[in-house]
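Protein sequences appear in the order of chains B and L.
For the first sequence, position 191 matches number 785 in the working numbering, and the numbering has no gaps at all.
For the second sequence, position 67 matches number 661 in the working numbering, and the numbering has no gaps at all.
Each residue gets a CB set at the ideal place from its N, CA and C atoms; glycine is no exception.
As the structure is a computational prediction, the values presented were derived from the model and not from experiment.
In what follows, a single structure is set out as structure tokens and then discussed.
There are 2 protein chains.
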Amino acid sequence: MIKLFYAVHTCSLASHIALEEVGAEYSTVRIDFASNEQRKPEYLAINPKGRVPAMVTDRGILTETPAMLAFIAQSYPQARLAPLDDPFAFAQVQAFNSYLCSTLHVAHAHRMRGHRWADDPFAIAEMQRKVPESVGACFGLIERSMLNEPWVMGDAYTICDPYLFTLANWLEADGVDPANLPRVIDHRRRMSERPAVRKVIAEELA
Amino acid sequence: MIKLFYAVHTCSLASHIALEEVGAEYSTVRIDFASNEQRKPEYLAINPKGRVPAMVTDRGILTETPAMLAFIAQSYPQARLAPLDDPFAFAQVQAFNSYLCSTLHVAHAHRMRGHRWADDPFAIAEMQRKVPESVGACFGLIERSMLNEPWVMGDAYTICDPYLFTLANWLEADGVDPANLPRVIDHRRRMSERPAVRKVIAEELA
Numbered sequence: 595m596i597k598l599f600y601a602v603h604t605c606s607l608a609s610h611i612a613l614e615e616v617g618a619e620y621s622t623v624r625i626d627f628a629s630n631e632q633r634k635p636e637y638l639a640i641n642p643k644g645r646v647p648a649m650v651t652d653r654g655i656l657t658e659t660p661a662m663l664a665f666i667a668q669s670y671p672q673a674r675l676a677p678l679d680d681p682f683a684f685a686q687v688q689a690f691n692s693y694l695c696s697t698l699h700v701a702h703a704h705r706m707r708g709h710r711w712a713d714d715p716f717a718i719a720e721m722q723r724k725v726p727e728s729v730g731a732c733f734g735l736i737e738r739s740m741l742n743e744p745w746v747m748g749d750a751y752t753i754c755d756p757y758l759f760t761l762a763n764w765l766e767a768d769g770v771d772p773a774n775l776p777r778v779i780d781h782r783r784r785m786s787e788r789p790a791v792r793k794v795i796a797e798e799l800a
Numbered sequence: 595m596i597k598l599f600y601a602v603h604t605c606s607l608a609s610h611i612a613l614e615e616v617g618a619e620y621s622t623v624r625i626d627f628a629s630n631e632q633r634k635p636e637y638l639a640i641n642p643k644g645r646v647p648a649m650v651t652d653r654g655i656l657t658e659t660p661a662m663l664a665f666i667a668q669s670y671p672q673a674r675l676a677p678l679d680d681p682f683a684f685a686q687v688q689a690f691n692s693y694l695c696s697t698l699h700v701a702h703a704h705r706m707r708g709h710r711w712a713d714d715p716f717a718i719a720e721m722q723r724k725v726p727e728s729v730g731a732c733f734g735l736i737e738r739s740m741l742n743e744p745w746v747m748g749d750a751y752t753i754c755d756p757y758l759f760t761l762a763n764w765l766e767a768d769g770v771d772p773a774n775l776p777r778v779i780d781h782r783r784r785m786s787e788r789p790a791v792r793k794v795i796a797e798e799l800a
């Protein structure tokens, strides 16, 4: 059985939703970032990176959201969360998720995790100051050229959708004006109405 | 036929090597970063992100290194560049590549691309100052806990190998001491001796 290590308000929500959507048998373990639990030896033994998500499977431990999402889609093919028989379409799904992890999430991380890339408090504050612009630019690109309807890839609901939803939940806190992103916001609303999403969020915030 | 848009000394080298390794029929187009060609309308029509790599296929355009590498592996299964029939092993490959794009490459980017995340020159200089530490920490984690021999995944040469090789070529310029990374450096040397790698590098530097 799968065990998901997650923390509230982090990107682990995407994998949590995907596990729920496919009907997986899984349990969860909440990691408390407030007490820095992700840096303690017990958790570093699970994930030496000291980050969430991490997922314990019968075969071993997996990390990194795009890899975990693709694994969930491939392990539960009947749920059709990715176009598994079409390498080009699968690559489009993966390219979207790769952009989220390597560009959008990274831009966002400069608000709360600037210490990863600078020590000086002024430099960290300067990074924070630019977050509305850098995160806004990423969402602007998604709004204009990467987002179909009703789901990211069009008619098919895929592993792109819970991941975009997860990061779109942060945009107001990042100082991005949602009025400029009507399609992203519509997508977020559609996602929030899905039973699996409601169930997972209720559990994480309980 | 595949057309790869690349720039020298960038992560597009990984996809270029993978195309060569699988024996793909492909052509290349060099994008000149010195003249900011990646931001010109002609290239933005190919890739609105203004980055490399981008790959034109018969089905359309793909971007993002991890997605392109998996696409190359899936499109040329006889080359066995990924464990395509084993979702867990495939996820391990993808997790490695996802770490490279979202953490290691991002740490590196703070040396030359700090303007993405801050405007103030002092803040940008402070980011540059921390690059040896942040990039070094990523390579240290790879050295200690993510790298098998002779290849990243062990006996099988996969799409992880050209990607790690590509980023490992930058570590001296990032101020990281290679003496602390004997296994990463051994891997880089093994990679540099492969005929496909020699051919691709000769073409890119010609």
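Going by other Cβ atoms of all chains shown within 10 Å of its Cβ, with 16 needed for buried, is residue i buried or exposed?
i                : result
Arg707 (chain L) : exposed
Asp755 (chain B) : buried
Gly634 (chain B) : At residue 634 (chain B) the sequence reads Lys, which differs from the Gly that was named. Burial call: exposed.
Glu614 (chain L) : buried
Pro671 (chain L) : exposed
Leu675 (chain L) : buried
His704 (chain L) : buried
Glu766 (chain B) : exposed
Leu638 (chain B) : exposed
Ala648 (chain B) : buried
Leu799 (chain B) : exposed
Determine whether the beta carbon atoms of residue i and residue j lie at a separation below 8 angstroms.
i                : j                : result
Trp711 (chain L) : Ser728 (chain B) : yes
Met740 (chain B) : Phe690 (chain B) : yes
Ile640 (chain B) : Ala601 (chain B) : no
Ile596 (chain B) : Ala790 (chain B) : no
Ser621 (chain L) : Pro681 (chain B) : no
Val700 (chain B) : Val725 (chain L) : no
Ser696 (chain L) : Cys695 (chain B) : yes
Phe716 (chain B) : Phe716 (chain L) : yes
Tyr567 (chain B) : Ala608 (chain B) : What is shown of chain B runs 595 to 800, which leaves residue 567 (chain B) out entirely.
Asp714 (chain L) : Glu636 (chain B) : no
His702 (chain B) : Asp768 (chain B) : yes
Ile753 (chain B) : Ala667 (chain B) : yes
Ala673 (chain B) : Val616 (chain B) : yes
Which residues in chain C have a C-beta closer than 9 angstroms to the C-beta of residue i? List them in chain order.
i                : result
Asp755 (chain B) : Here chain C cannot be found, since the structure's protein chains are B and L.
Would you check if there are 3 or more beta carbon pairs closer than 8 angstroms linking the stretch 661-669 of chain L to the stretch 676-686 of chain B? Two segments are said to touch when three or more pairs of C-beta atoms, one from each, lie closer than 8 angstroms; by this definition the stretch 661-669 of chain L touches the stretch 676-686 of chain B.
May I ask you to verify whether the stretch 771-781 of chain L touches the stretch 629-637 of chain L, counting CB pairs closer than 8 angstroms and requiring at least 3? Judged by Cβ distances under 8 angstroms, the stretch 771-781 of chain L makes no contact with the stretch 629-637 of chain L, as fewer than three pairs qualify.
Entirely enclosed alpha helix (DSSP H) segments - the stretch 597-656 of chain L, minimum 4 residues: List check, alpha helix (DSSP H) in window: 606-615, 635-640.
Is the stretch 726-739 of chain L touching the stretch 758-771 of chain L in the sense that three or more CB pairs, one from each, lie closer than 8 angstroms? Short answer: they touch.
Stretch-stretch touch, CB-based, cutoff 8 angstroms, three pairs: the stretch 745-754 of chain B with the stretch 643-655 of chain B: A contact between stretches requires three or more CB pairs, one per stretch, nearer than 8 angstroms, and the stretch 745-754 of chain B fails this requirement with the stretch 643-655 of chain B.
Under 7 angstroms (Cβ pairs) to chain L, residues found in the stretch 718-739 of chain B: Within the stretch 718-739 of chain B, the qualifying residues are Glu720, Met721, Lys724, Ser728, Leu735, Ser739.
When you check each C-beta in the stretch 641-654 of chain L against every C-beta of chain B, which residues fall closer than 8 angstroms? From the stretch 641-654 of chain L, only Pro642, Lys643, Thr651, Arg653, Gly654 have a Cβ closer than 8 angstroms to chain B.
Runs of alpha helix (DSSP H) lying entirely within the stretch 712-795 of chain L, each at least 4 residues, in chain order: Entirely contained in the stretch 712-795 of chain L, the alpha helix (DSSP H) runs reaching 4 residues are, in chain order, 715-739, 754-762, 776-786.
Could you please tell me which residues of the stretch 652-676 of chain B, in chain order, have their CB closer than 8 angstroms to any CB of chain L? Only Arg653, Gly654, Leu656, Thr657, Glu658, Thr659, Pro660, Ala661, Met662, Ala664, Phe665, Gln668, Ser669 from the stretch 652-676 of chain B bring a Cβ to less than 8 angstroms from some Cβ of chain L.
Could you name the residues of the stretch 687-698 of chain L whose beta carbon sits closer than 7 angstroms to any beta carbon of chain B, in the order they occur along the chain? Listed by position, the residues of the stretch 687-698 of chain L near chain B (Cβ gap below 7 angstroms) are Gln688, Ala689, Ser692, Tyr693, Cys695, Ser696.
Members of the stretch 606-638 of chain B that neighbour chain L once the beta carbon cut-off is set at 9 angstroms: Taking 9 angstroms as the Cβ-Cβ cut-off against chain L, none of the residues of the stretch 606-638 of chain B qualify.
Short of 8 angstroms Cβ to Cβ, which residues in the stretch 770-798 of chain B face chain L? Listed in sequence order: no entries.
Which residues, in order along the stretch 704-716 of chain L, keep a beta-carbon less than 8 angstroms from a beta-carbon of chain B? Listed by position, the residues of the stretch 704-716 of chain L near chain B (Cβ gap below 8 angstroms) are His704, Arg710, Trp711, Ala712, Asp713, Asp714, Phe716.
In chain order, which continuous runs of the alpha helix (DSSP H) of length 4 or greater are located wholly inside the stretch 653-677 of chain B? Taking only runs of at least 4 residues, the alpha helix (DSSP H) segments lying wholly in the stretch 653-677 of chain B are 659-669.
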